[in-house]
Ligand code: PHE
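Numbering (our numbering), first residue to last: 75 to 420.
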């Protein structure tokens, strides 16, 4: 009779074990059937009440069942482990053939790219690249460049002043061009001098398609024995040919800047129409590129550089307008609106 109880227990245990869906159920099963207070232990404890004969048969059967269930438990645990591993491999599978998600990549601003091209050209012609302050003293921006207070030439550079007026004068400003670096450099260095100065300059101007209140300039200055307009012209021609093609020509027209003598406005023949006249050059065949000239002898002398022995040339160009030409962008204000639809094209 009690043997039936063992058989019954076996049936129930195996059924419950086969149905255990996961490790948690398995642990509960073990407690239920094999634990210290479990059902099989109960049967074994009940042996005490049985006769010797029954003890033998039931005891043997119960012990056999204990071994059997322990093995079955291990087997089921293995099966479940394998199943969950297989499942996680299936569902967590990484498809390495999927295309990656697109990600935005930063890049250099087109004006920066152009600036680097220009500086590369000057560097290979023997110029050193130096930089200077954007907040500048009147002394360097104007005075030292032969533009004293009240000089009408100051009207060429509408100025953002930084400090308050003292005795009707102010002395700190946002530099209106990179030319003050000519003075700063000659103060500290003597010829031979060959420098290219990239940097920002500011003008207190209304904006329109060709005017911005901030621009990037590149200034060059060379001072040495025997330099003349030919060297200036050759240097600029070389630059323009590198940027816009070997067939380019340049034109110098007399112009006035207080810090050069003679001074020139330099133009390049239009690379779109080869000088015939088109939309890009407004029909003239020429594109104004920069201001330039021979360093005024008074400036050399004021820097302690003997103007009877040394001469120099200088030029300064604004890059935003050049970049408009170079990249075919019609409005100067677009450069700094940070519209990715524009910037992503470069
Ligand atoms: N600094 C002048 C400007 O910004 C350009 C220039 C530079 C002219 C050097 C002559 C020599 O207008």
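Where a beta carbon is used, it is the ideal one built from N, C-alpha and C, also for glycine.
Practice prompt. Below 6 Å CB to CB, which residues in the same chain sit around residue 206 once its five sequence neighbours on both sides are set aside?
Written response: For the purposes of this step, residue 206 is taken as residue 132 along the chain shown, with counting starting at 1. Closer than 6 Å at the Cβ level, and outside the excluded window around residue 206, lie 255 and 258.
Practice prompt. Keeping to the same chain, check which residues put their C-beta closer than 6 Å to that of residue 393; ignore five residues upstream and five downstream.
Written response: As a position in the chain shown, residue 393 is number 319, starting the count at 1. Once the five neighbours on either side are set aside, the close Cβ partners of residue 393 are 185, 188, 189 and 290.
Item to complete: Let me know if residue 274 comes out buried or exposed under the rule of 16 or more other beta-carbons within 10 Å of its beta-carbon.
Response: Translated into positions along the chain shown, residue 274 becomes position 200. Flag for residue 274 reads exposed.
Worksheet item: So, do the stretch 323–330 and the stretch 201–219 have three or more beta carbon pairs nearer to each other than 8 Å?
Response: no
Discussion item. Taking the alpha-carbon of residue 288 as reference, which of 311, 127, 233 and 253 has the nearest alpha-carbon?
Written reply: Mapped onto the chain shown, residue 288 falls at position 214. Answer by Cα proximity: 233.
Discussion item. Using the three-state DSSP reduction, which class does residue 80 fall into: helix, strand or coil?
Written reply: Start at 1 with the first residue of the chain shown, and residue 80 comes out as number 6. Residue 80: helix per DSSP, three-state reduction.
Worksheet item: Just to check, is the beta-carbon of residue 196 closer than 7 Å to a non-hydrogen atom of ligand 1?
Response: Position 122 of the chain shown holds residue 196. Flag unset: Cβ of residue 196 not near ligand 1.
Item to complete: Rank 157, 374 and 117 by C-alpha distance to the C-alpha of residue 138 and give the top, closest one.
Response: Taking the first residue of the chain shown as position 1, residue 138 is located at position 64. Residue 117 is the option with its Cα nearest to residue 138.
Practice prompt. Indicate whether the contact test is met: 3 or more Cβ pairs, each with one atom in the stretch 340–351 and one in the stretch 304–323, closer than 8 Å.
Written response: yes
Item to complete: Give me the Cα-Cα distance between residue 95 and residue 161, rounded to the nearest whole angstrom.
Response: In the chain shown, the residue the question calls residue 95 occupies position 21. In the chain shown, the residue the question calls residue 161 occupies position 87. When rounded, the distance between both Cα atoms is 13 Å.
Discussion item. So, with DSSP's three-state summary, where would you put residue 66?
Written reply: Since the displayed the chain opens at 75 and closes at 420, residue 66 lies outside it and no answer follows.
Worksheet item: Which two residues bound the contiguous alpha helix (DSSP H) that contains residue 190?
Response: For the purposes of this step, residue 190 is taken as the residue at position 116 of the chain shown. Where residue 190 is concerned, the enclosing alpha helix (DSSP H) stretches over 184–198.
Discussion item. Measuring only from the beta carbon, is residue 293 closer than 7 Å to any heavy atom that is part of ligand 1?
Written reply: Against the chain shown, residue 293 aligns to sequence position 219. Residue 293: yes, Cβ under 7 Å from ligand 1.
Worksheet item: At a Cβ threshold of 8 Å, is residue 158 touching chain D?
Response: The chain labelled as chain D is not found in the depicted structure, where only one protein chain is given.
Worksheet item: Should residue 367 be listed as close to ligand 1, given that the test is whether its C-beta is under 7 Å from any heavy atom?
Response: Position 293 of the chain shown, counted from the first residue, corresponds to residue 367. Yes, ligand 1 has a heavy atom inside 7 Å of this Cβ.
Item to complete: Mark residue 238 as exposed unless 16 or more other C-beta atoms lie within 10 angstroms of its C-beta, in which case mark it buried.
Response: Start at 1 with the first residue of the chain shown, and residue 238 comes out as number 164. Exposed, by the Cβ-count rule.
Discussion item. For ligand 1, I want to know if residue 305 counts as a neighbour, meaning its beta carbon is within less than 7 Å of at least one of the ligand's heavy atoms.
Written reply: By 1-based counting over the chain shown, the position of residue 305 is 231. Outside the cutoff, so no.
Worksheet entry | Per-residue burial, residue 410 [other beta carbons within 10 Å of its own, 16 or more giving buried] | On the chain shown, position 336 is the one that residue 410 refers to. That one is exposed.
Worksheet item: In angstroms, rounded to a whole number, what distance separates the CA positions of residue 197 and residue 203?
Response: Here the question's residue 197 lines up with position 123 in the chain shown. Here the question's residue 203 lines up with position 129 in the chain shown. Distance between the alpha carbons of residue 197 and residue 203: 7 Å.
Discussion item. Taking the straight line between their C-alpha atoms, what separation do you get for residue 294 and residue 368?
Written reply: In the chain shown, residue 294 corresponds to position 220, counting from 1. In the chain shown, residue 368 corresponds to position 294, counting from 1. Computed Cα separation, rounded: 11 Å.
Item to complete: Would you identify the three-state DSSP class for residue 272, choosing helix, strand or coil?
Response: Indexing the chain shown from 1 puts residue 272 at position 198. DSSP places residue 272 in strand when its eight states are reduced to three.
Discussion item. Following a CB-centred definition, is residue 331 positioned closer than 7 Å to any heavy atom of ligand 1?
Written reply: Against the chain shown, residue 331 aligns to sequence position 257. Correct: residue 331 has its Cβ closer than 7 Å to ligand 1.
Worksheet item: Comparing the CB of residue 388 with every heavy atom of ligand 1, is any distance shorter than 7 Å?
Response: Mapped onto the chain shown, residue 388 falls at position 314. Answer for residue 388: yes, Cβ within range of ligand 1.
Worksheet entry | Status (buried if at least 16 other CB within 10 Å, exposed otherwise) for residue 296 | Translated into positions along the chain shown, residue 296 becomes position 222. That one is buried.
Discussion item. In this structure, how does DSSP classify residue 162 when only helix, strand and coil are distinguished?
Written reply: Numbered from 1 along the chain shown, position 88 holds the residue referred to as residue 162. Residue 162 falls in the helix class under three-state DSSP.
Fill in: Under 8 Å between C-beta atoms of residue 193 and residue 292
Here residue 193 refers to the residue found at position 119 of the chain shown. Here residue 292 refers to the residue found at position 218 of the chain shown. Their beta carbons are under 8 Å apart, which means residue 193 touches residue 292 by this criterion.
Worksheet item: Between residue 438 and residue 280, which are expected to be in contact by the criterion C-beta below 8 Å, what is the C-beta distance as a whole number of angstroms?
Response: Lying outside 75 to 420, the shown extent of the chain, residue 438 is not represented and no answer is given.
Discussion item. Between the alpha carbons of residue 446 and residue 89, how many angstroms are there, rounded?
Written reply: Past the boundaries of the shown model lies residue 446; the chain is included only from 75 to 420, so the question cannot be answered.
Fill in: Assumed close pair residue 366, residue 306 - CB separation to whole angstroms, cut-off 8 Å
Locating residue 366 in the chain shown gives position 292, where the first residue counts as 1. Locating residue 306 in the chain shown gives position 232, where the first residue counts as 1. Indeed, because the Cβ distance is near 6 Å, the residues count as touching under 8 Å.
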